[in-house]
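A short worksheet on the structure shown next.
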Amino acid sequence: MDGGSGMKKILVVDDERHIVRLIQVNLERQGYQVVTAHDGKEALEKVASEKPDLVVLDVMMPYMDGFEVLRHLRRDPETAELPVIMLTAKAQDMDVFRGYQEGVDMYLTKPFNPQELLAFVRRIFRARETGEDGESRYQL
């Protein structure tokens, strides 16, 4: 799913444009190709059209929240194994638990350090490339 360029493609989804830009700049500096969306509906459209290798997904968004987007992704055989890092300002244990129940790979609470996000991204890709993603999600 790398778009044929050899470069990993990451979809960044958040309704806060400054967050999207911050993430985009940091990922592009590391050599990733970045596609963006600003709500859940647009996210699903971009997943279908762009075929990203990973999704960075906010929870609280208009039209369709991140949990609903994640459910759609996990139900579709084409995207059931697509890695998802969820970003949220909601740090309550139940929200984190819900994210893992829904199939999120990693959970990052806002405000976050961009270096931490980059470490999560590298960890997911490294695990996928070495085949370590079999029986459990990537939890820190």
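Each residue of the sequence shown is one higher than the last, beginning at 11 in the working numbering.
Heads up, the beta-carbon is just placed ideally off N, CA and C, and yes, glycines get one too.
Secondary structure at residue 35: helix, using DSSP grouped into helix, strand and coil.
Looking at the DSSP output, residue 46 bridges to 22. With fewer than 16 other Cβ atoms from the protein chains shown falling within 10 Å of its own Cβ, residue 72 counts as exposed. Cβ-Cβ separation between residue 21 and residue 134: approximately 13 Å, too far for a contact (criterion under 8 Å). A straight line joining the alpha-carbon of residue 90 with that of residue 113 spans about 9 Å. For secondary structure counted as the beta strand (DSSP E) over 3 or more consecutive residues, the segment 66 to 108 holds these complete runs in sequence order: 94 to 98.
Between the alpha carbons of residue 119 and residue 108 lies a distance of about 14 Å. Contact between residue 67 and residue 104 does not hold, since their C-beta atoms are separated by about 18 Å, which reaches or exceeds 8 Å. With distances taken between CA atoms, residue 27 lies nearest to 46 out of 36, 129, 18, 46.
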